[in-house]
Amino acid sequence: MTDDLSEVVSAAQAGDEEAFRFLYRSLQPGLLRYLTAIVGADAEDVASETWLQVSRDLPGFTGGEFRAWTVTIARNRAMDHLRRMRRRPSLPVPVQALVDLASDADTAERASETIGTETALALIATLPPREAEAVLLRAVIGLDAGSAGRVLGRRAGAVRTAAHRGLRRLAVLLERQSPTGSPVASEGTQPRAGSGPARRAPQAEPADG
Amino acid sequence: MNPFRRADHADAERLLDAARARLDTAPAQRHAATPADATAPEAYATGPNVPPAEPVAALLAAAAGPVRAGELAGEEAALAAFRAARANPASVAPQPTRRRRIRTGVVAWIGAVAATATAGAAFAAVTRDRAPDPVAPAPSGSSPSPQPGTSRSDESGRSVAPGVPSPGTSSSVTATPSASPALTNQLPGLCRAWRAKKPDQRERALRSPAFHPLVTAAGGPADVEAYCQRLVPETKPSESAKVTPSESAKSKPSPAAKAPPSPPRPGHPTDG
Numbered sequence: 001m002t003d004d005l006s007e008v009v010s011a012a013q014a015g016d017e018e019a020f021r022f023l024y025r026s027l028q029p030g031l032l033r034y035l036t037a038i039v040g041a042d043a044e045d046v047a048s049e050t051w052l053q054v055s056r057d058l059p060g061f062t063g064g065e066f067r068a069w070t071v072t073i074a075r076n077r078a079m080d081h082l083r084r085m086r087r088r089p090s091l092p093v094p095v096q097a098l099v100d101l102a103s104d105a106d107t108a109e110r111a112s113e114t115i116g117t118e119t120a121l122a123l124i125a126t127l128p129p130r131e132a133e134a135v136l137l138r139a140v141i142g143l144d145a146g147s148a149g150r151v152l153g154r155r156a157g158a159v160r161t162a163a164h165r166g167l168r169r170l171a172v173l174l175e176r177q178s179p180t181g182s183p184v185a186s187e188g189t190q191p192r193a194g195s196g197p198a199r200r201a202p203q204a205e206p207a208d209g
Numbered sequence: 210m211n212p213f214r215r216a217d218h219a220d221a222e223r224l225l226d227a228a229r230a231r232l233d234t235a236p237a238q239r240h241a242a243t244p245a246d247a248t249a250p251e252a253y254a255t256g257p258n259v260p261p262a263e264p265v266a267a268l269l270a271a272a273a274g275p276v277r278a279g280e281l282a283g284e285e286a287a288l289a290a291f292r293a294a295r296a297n298p299a300s301v302a303p304q305p306t307r308r309r310r311i312r313t314g315v316v317a318w319i320g321a322v323a324a325t326a327t328a329g330a331a332f333a334a335v336t337r338d339r340a341p342d343p344v345a346p347a348p349s350g351s352s353p354s355p356q357p358g359t360s361r362s363d364e365s366g367r368s369v370a371p372g373v374p375s376p377g378t379s380s381s382v383t384a385t386p387s388a389s390p391a392l393t394n395q396l397p398g399l400c401r402a403w404r405a406k407k408p409d410q411r412e413r414a415l416r417s418p419a420f421h422p423l424v425t426a427a428g429g430p431a432d433v434e435a436y437c438q439r440l441v442p443e444t445k446p447s448e449s450a451k452v453t454p455s456e457s458a459k460s461k462p463s464p465a466a467k468a469p470p471s472p473p474r475p476g477h478p479t480d481g
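Spelled out as structure tokens, the structure:
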């Protein structure tokens, strides 16, 4: 997984334009999604700066995890950008995204499949920054915990913990947004809470935890 | 209802890795596909096709979903950067040419002093009723300094100067088109501002102090049009706005007023 790009990177370093194109297509979507969570609507500009620097510094790339190397550049550019902006942008979430999500969830059967990429990213962006970054680096960029930790300047264990917390928070968020969650619907379309406390007692309590 | 609520680190790692695996299946197809094709739903369907059981897994899968329209919009720009870096590694990271800028600035400044020294009287003659800048030293030639009685009009030159500068011998001495660095920076803006005026007001505008640097840099009121055209070439020139010599001569008894249309211009500070 970590070396899947090494051949392509070598080709790009040798000047193979198609190899570079492949790298771009492989990494850019994830980069853009990650950057959106950090800098919001300016993600495309920061991504452009990132690729400019990747192009320039590619000859100096000495091996290792190319994804992590690229994401590190992207993150530095994003932090520069934030310093320039002197602000941490409020993430463009989501009232509408949450409404859409809830309406999707109402159609119970396909609830698990119909979360759009945009909605998912918007939800992740609501997490505390550390957790959002950990989740995105792991799940969207595709770094393992160790590489993500190097990008973030933290230990792998800290990344795991942050990602885990982020996922738990997302789980809670999803529950709140879909009060008649899909598994329940298949059991018998009970309205929900209060009707059968004895029956759902063994299961996880949805409301408090 | 949500099993992940009780999940441990191992579950989290499993979910995160699953999303990652889903993402990693995509590039192999993307390589052959055009960006437009890559946004097709099939790219997603060919991944692990089992719908995730847990909502969080579904969310992660969606977050790592297929390429969306526009996400690869910068591809050609990135490739252009790649080519540029390959073609000339040094040019991609240009060092700030600070030293060069300073040198140009010094040259321009010296030129400005020289121009002011030699052309002060010419300005006095060209500009109808406006006294030259206070800093203008006495010209080195035999032409006299502007009369002390020359009235300073506020900005439009409504008042007529009682003391008109005498022609002297400086009629052929015209403004050397140089300006201080600070002025050079404002010249494009002055050009735009000047162009923004109505054609019949442009000549008058050039007599106002605000446009003095522009007139100086251009070499004369009649040359502003052409000068701005070179400096800020976006808009096409409007011939109607040209300052006609007869117009300026009408209100000016001095023969020097006829000099501006064809002043010798050694060069222009086009390098900024």
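Protein sequences, first through last, are from chains A and B.
Note that my numbering has the first sequence beginning at 1, numbered continuously upward.
Note that my numbering has the second sequence beginning at 210, numbered continuously upward.
Glycine residues also receive a C-beta, built at the ideal position from the N, C-alpha and C atoms.
Keep in mind it's a predicted model, so treat the numbers as computed, not measured.
Reduced DSSP secondary structure (H/G/I, E/B, other) of A:I141: The DSSP-derived three-state label of A:I141 is helix.
Interface partners of A:L52 on chain B, CB under 7 Å: Chain order gives the chain B residues near A:L52 as A290, where near means a beta carbon separation below 7 Å.
Below-8 Å beta-carbon distance, B:G398 vs any chain A residue: By this cut-off, B:G398 is not an interface position.
Top-ranked residue by Cα proximity to A:W69, from A:R83, A:L82 and A:L23: Nearest C-alpha to A:W69: A:L23.
With 16 other Cβ atoms within 10 Å as the buried cut-off, status of A:H81: Buried, by the Cβ-count rule.
Chain-ordered neighbours of B:H218 on chain A, where CB pairs are closer than 8 Å: Under the 8 Å cutoff, chain A gives R160, T161 and H164.
Simplified DSSP state of A:T126, which is helix, strand or coil: Under the three-state reduction of DSSP output, A:T126 falls in the coil class, being neither helix nor strand.
Neighbour flag for B:A221 against chain A, beta carbons, 8 Å: Taking Cβ atoms only, chain A reaches closer than 8 Å to B:A221, which makes this a yes.
Rounded distance between the beta-carbons of A:A163 and B:L225, thought under 8 Å: With a contact defined as Cβ atoms closer than 8 Å, B:L225 and A:A163 qualify at about 6 Å.
Any non-hydrogen atom of the ligand ATP within 7 Å of B:V441 CB: Among the ligands in the structure shown, none appear at all, so the ligand ATP cannot be discussed.
Residues near A:R86 in its chain [Cβ-Cβ closer than 8 Å; skip 5 each side]: Once the five neighbours on either side are set aside, A:R86 has no close Cβ partner at all.
Identity of the residue in A:T36, A:G30, A:L127 and A:G63 nearest A:E7 by Cα: If we check each option's Cα against that of A:E7, A:G63 comes out closest.
Cβ-Cβ distance between A:G166 and A:V135 below 8 Å: Less than 8 Å divides the Cβ of A:G166 from the Cβ of A:V135.
Best match in A:F66, A:A41 and A:R83 for proximity to A:W51 [C-alpha to C-alpha]: Ranking the options by Cα distance to A:W51, first place goes to A:F66.
Any chain B beta carbon closer than 8 Å to A:E133: Between A:E133 and chain B, the shortest Cβ-Cβ separation is not below 8 Å.
Segment limits, alpha helix (DSSP H) that includes A:D80: Residues F66 to M85.
C-beta atoms of B:L415 and B:P397 nearer than 8 Å: Going by C-beta atoms, B:L415 is not nearer than 8 Å to B:P397.
N-terminal and C-terminal residue of the alpha helix (DSSP H) that A:P29 is part of: If you look at A:P29, you'll find it in the alpha helix (DSSP H) that goes E17 to V39.
Beta carbon of A:L27 nearer than 8 Å to that of A:A78: Taking a C-beta distance under 8 Å as the contact criterion, A:L27 and A:A78 do not qualify as a contact pair.
DSSP three-state assignment for B:S417, whether helix, strand or coil: Of the three classes helix, strand and coil, the one that applies to B:S417 here is coil, per DSSP.
As assigned by DSSP and simplified to three states, the class of B:F291: Residue state, collapsed to three classes: helix.
Local Cβ density within 10 Å of B:A278, reported as buried at 16 or more and exposed below that: Taking a 10 Å sphere around the C-beta of B:A278, we find fewer than 16 other C-beta atoms and assign the residue as exposed.
Alpha-carbon spacing of A:L32 relative to A:I73, whole angstroms: One C-alpha to the other measures close to 13 Å.
With 16 other Cβ atoms within 10 Å as the buried cut-off, status of A:G149: It is buried - the Cβ of A:G149 has at least 16 other Cβ atoms within 10 Å.
Proximal residues, the segment 266–291 of chain B versus chain A, C-beta separation under 7 Å: Cβ contacts with chain A come from A267, L268, L269, A271, A272, A273, G274, V276, R277, E280, L281, G283, E284, A286, A287, L288, A290 and F291.
Cα-Cα separation between B:A271 and B:P264, rounded to whole angstroms: Rounded to whole angstroms, B:A271 to B:P264 spans 10 Å at the Cα level.
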